[in-house]
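Number of protein chains: 2
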Amino acid sequence: MVVTIRDVARATGVSISTVSRALANPDQVAEATRLHVQETARTMGYRPNRAARGLVTGRTGSIGLVVPDLENPFFGSICKGVQARARAAGYAVFIADTDEDPLLEDEVVRGLAKQVDGVILCSPRGSDEAVSRAAEESALILVNRALPGVPSITFDNGGGARAVMRHFMALGHRRIAYAAGPITSWSNQERDLALREFAEQSNDIELIELGNFSPVFSGGTQAADLALASGATAIVAYNDLIAAGLVDRLRHRGITVPADISVTGFDNVPMSTLVWPNLTTVDLPRIQMGRASVDALLDRVLGRSTGPRPNLEIPVELVVRQSTGVVPAIPASSTQSAATPSSKRSRLV
Amino acid sequence: MVVTIRDVARATGVSISTVSRALANPDQVAEATRLHVQETARTMGYRPNRAARGLVTGRTGSIGLVVPDLENPFFGSICKGVQARARAAGYAVFIADTDEDPLLEDEVVRGLAKQVDGVILCSPRGSDEAVSRAAEESALILVNRALPGVPSITFDNGGGARAVMRHFMALGHRRIAYAAGPITSWSNQERDLALREFAEQSNDIELIELGNFSPVFSGGTQAADLALASGATAIVAYNDLIAAGLVDRLRHRGITVPADISVTGFDNVPMSTLVWPNLTTVDLPRIQMGRASVDALLDRVLGRSTGPRPNLEIPVELVVRQSTGVVPAIPASSTQSAATPSSKRSRLV
DNA sequence: CGAAACACTGCAAAGGTTTGCAGAATGTAT
DNA sequence: ATACATTCTGCAAACCTTTGCAGTGTTTCG
């Protein structure tokens with residue numbers, strides 16, 4: 049039925065050790081033998097049994113990837129990068145979706161840890177303690193979250209936030225709102241912190257922190273009214289979905305983006321070019337992140353790591369589209385009247 | 049370092065056979081022994097080595113999932129369903145992304161087949177022959193494509209297409225365009241065929257077939273001008289992305305959806321509620337599809353299949369939102385003048 | 001009370017591969 | 001020709017678990 053190394057050995061007339069070596073360590077066997085074995089193995093369709101190999105080598109040739117939600121395209125992209133790089137390195141990828149559940153996450157990571165060479169844990173929802181414990185029990189790379197003592201790869205959230213702030217400043221905005229994401233989200237904390245520090249340092253900027261909001265469309269609709277009431281002329285949304293909800297709700301309130309209020313997202317999900325106006329946002333190179341995390345993990349697993357690698361930060365880029373513009377002469381919220389469309393006013397500017 | 053069945057046996061004072069049975073076949077060992085073993089195994093953190101188990105049982109306890117593009121949320125949803133159901137059944141999931149490449153797909157499926165108990169092959173891009181061959185070499189379930197002799201699960205594309213047609217007929221539309229997807233896409237063929245048959249049977253409907261277009265936003269922008277020139281009052285897009293591109297381009301041409309032209313998508317991706325107007329579309333229950341495919345695969349793998357199961361068709365549902373409306377009195381394209389916004393005309397109706 | 005049935009446990013083989021070690025064969029230097 | 005180094009190949013153990021079979025001790029029934 050299935051062809052084993054024994055079959056190849058018999059067909060070639062050599063021992064199974066020689067077959068094994070001819071395929072795995074080609075330089076240890078004479079050229080004639082090697083070619084003969086390789087040719088026979090190929091024609092017979094021989095594939096080494098990974099279980100058997102794993103039993104003796106102690107390595108499985110596979111890695112685990114744990115994400116909170118596969119339906120979220122953000123993680124889909126990371127998966128793609130991970131999968132591609134892992135295959136290139138001869139590794140297979142186990143995937144696990146934790147459904148945003150910290151307990152399930154812990155269970156899944158522990159379960160996976162025993163049957164793979166290493167785990168990439170992406171945007172974990174669990175507590176610092178849980179994650180640290182998991183990191184001790186297995187070769188683990190943290191993605192999109194940093195934790196002292198655990199090797200990790202993150203996006204430069206702070207850099208992205210500062211780029212947005214500089215962009216707004218250049219457009220003349222001084223009163224800027226942040227529509228925050230989930231309070232448990234590490235990247236939300238990073239972005240929030242960077243915005244606050246930026247505002248403090250350039251002391252004519254006023255930062256209004258709103259939220260926290262759910263990182264979905266309806267979170268944005270909810271945030272819109274608060275932002276409008278706050279008198280901000282520009283809004284930084286935690287992510288693109290909140291930004292999309294913001295512009296939608298603002299439109300219903302008769303406010304025009306970007307004429308009356310500017311809005312930026314974060315993430316640059318594919319959707320951000322579909323909403324109208326196209327979102328100015330911060331692009332996070334997710335596929336690259338996936339690739340980098342595999343590299344980091346394999347460095348660790350294969351012991352080829354060059355010294356301690358506490359954290360690697362991947363640069364991000366502001367993508368300016370149509371949802372941001374110069375500050376209006378008369379802020380949309382100056383009347384506090386939501387019923388009056390203000391687009392006319394701003395057209396007069 | 050890592051705790052094996054031997055360690056548990058030594059700690060409990062029984063043989064390894066008993067430990068194995070106490071954990072896998074609890075009814076074959078005396079209650080006192082069983083409890084003792086189970087307790088010890090738990091406290092020691094023992095997890096059976098899957099490679100070793102696989103070596104003797106011949107089963108790996110994992111399945112493979114092959115998709116064309118993980119970044120596409122359509123497949124993300126299916127992954128989620130597959131992953132959840134597989135874990136519930138005690139199986140782990142290997143994931144592979146083929147990057148829409150038929151050759152890579154073939155290679156990946158063959159590579160995966162040897163190290164898993166079965167493969168779920170999702171929307172394969174390969175030829176009928178390649179897929180059939182792969183199906184012979186391994187336990188395989190085809191998803192989103194049907195092929196004689198290969199067990200498969202598909203969405204009821206025909207039913208969805210007919211539901212759209214009935215919807216348009218009820219709104220008074222008689223001249224309907226289809227913005228077709230990739231010619232190689234099986235589901236495009238299904239949808240196209242069903243539309244054509246429907247139009248033939250109800251002989252006052254005129255179906256205009258346009259395309260093929262790439263199943264992305266820009267494919268829709270391209271389709272919009274052709275559709276407008278065709279004089280159609282309603283457009284069925286192959287998928288939601290094309291539909292989104294359609295409404296965007298139509299807006300730029302001064303055409304209002306749905307007042308001047310009605311548009312439907314297909315798939316009901318999350319994005320379809322973000323575009324304006326919200327898309328009327330056909331919902332494909334993707335997570336359910338993922339679950340069903342695992343069930344079908346395990347039925348086959350575990351030999352508990354109830355007779356031959358050639359193809360299972362999952363029902364779909366038309367979701368009516370805002371991109372479809374009654375046929376305008378004067379079609380938008382009647383003047384062939386794209387410069388003149390026609391929304392005023394249609395408001396007069 | 002004896003025999004048979006039963007419940008439980010242990011022994012040992014098997015599964016496919018890698019790899020340390022030793023042996024065989026060939027080549028090289030003395 | 002002998003000793004030695006070198007290159008290549010094969011033997012056999014080891015990895016960890018499951019499972020058929022046999023053995024032991026206990027219960028049940030006639």
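Residue numbers (our numbering), protein chains in the order written: chain H, 49 to 397; chain L, 49 to 397. The beta carbon of each residue, even a glycine, is placed where N, CA and C say it ideally should be. Treat the numbers as computed from the prediction; the structure is a model and nothing was measured.
Listed by position along chain H, the residues whose Cβ is nearer than 7 Å to that of residue 315(L) form an empty set, because the closest Cβ is around 13 Å away. For residue 197(L), the secondary structure class from DSSP, reduced to helix, strand or coil, is coil.
At a beta-carbon threshold of 7 Å, the residues of chain L lying near residue 131(H) are 118, 143, 144, 145, ordered along the chain. Around the beta-carbon of residue 251(L), fewer than 16 other beta-carbon atoms lie within 10 Å, marking it exposed.
When Cβ-Cβ separations below 7 Å define contact, residue 208(H) makes no contact with chain L.
Taking the C-beta atoms as reference points, residue 349(L) is found no nearer than 7 Å to residue 99(L). Contact note: residue 292(H) reaches chain L through 322, using a C-beta cutoff of 7 Å and chain order.
The beta carbon of residue 364(H) sits closer than 7 Å to the beta carbons of 203, 204, 207, 208, 330, 331, 332 from its chain, once the five residues preceding and following it are set aside; these are given in chain order. Within chain L, the C-beta atoms nearer than 9 Å to that of residue 127(H) come from 118, 119, 124, 127, 143, 145, in chain order. The beta carbon of residue 99(H) falls within 7 Å of a beta carbon belonging to chain L, placing the residue at that interface.
Any Cβ of chain L closer than 7 Å to the Cβ of residue 319(H) would place that residue at the interface, and such an atom is present. Contact annotation for residue 279(L) against chain H: no contact, minimum CB-CB distance about 27 Å [criterion: below 8 Å]. Remark: three or more beta-carbon pairs, one from each stretch, lie closer than 8 Å, so the stretch 220 to 228 of chain H and the stretch 271 to 288 of chain H are flagged as touching.
Where residue 351(H) is concerned, there is no enclosing beta strand (DSSP E), because DSSP gives it neither an H nor an E.
Rounded to the nearest angstrom, the gap between the Cα atoms of residue 73(L) and residue 126(L) is 33 Å. For residue 253(L), the secondary structure class from DSSP, reduced to helix, strand or coil, is coil. If you check the CB distance, residue 155(H) and residue 173(H) do not come in under 7 Å. The Cβ neighbour count for residue 239(L), taken over all protein chains shown within 10 Å, is at least 16; the residue is labelled buried. With respect to residue 189(H), residue 168(H) sits close: the two C-beta atoms are nearer than 7 Å. Of the residues 165(L), 53(L), 217(L), the one whose Cα lies closest to the Cα of residue 375(L) is 217(L).
Contact between the stretch 314 to 322 of chain H and the stretch 104 to 113 of chain H is absent: fewer than 3 CB-CB pairs across the two stretches fall below 8 Å. In terms of Cβ geometry, residue 269(L) and residue 299(L) do not form a close pair [threshold 7 Å]. Take the alpha-carbon of residue 263(H) and the one of residue 230(H): they are about 7 Å apart. Counting along the chain, residue 273(H) sits inside the alpha helix (DSSP H) bounded by residues 265 to 278. Burial is judged here by how many other beta carbons sit within 10 angstroms of a residue's own beta carbon; residue 134(H) has at least 16 and is buried. No Cβ of chain L is located within less than 7 Å of the beta carbon of residue 243(H).
Shown here, residue 341(H) sits in a helix according to DSSP, grouped into three states. When Cβ-Cβ separations below 7 Å define contact, residue 140(L) makes contact with chain H. The straight-line gap separating the alpha-carbon atoms of residue 246(H) and residue 213(H) is approximately 8 Å.
The CB of residue 108(H) comes closer than 7 Å to the CB of 99 in chain L, given here in chain order.
Counting only runs that start and end inside the stretch 279 to 331 of chain H, the alpha helix (DSSP H) elements of at least 4 residues fall at 288 to 300.
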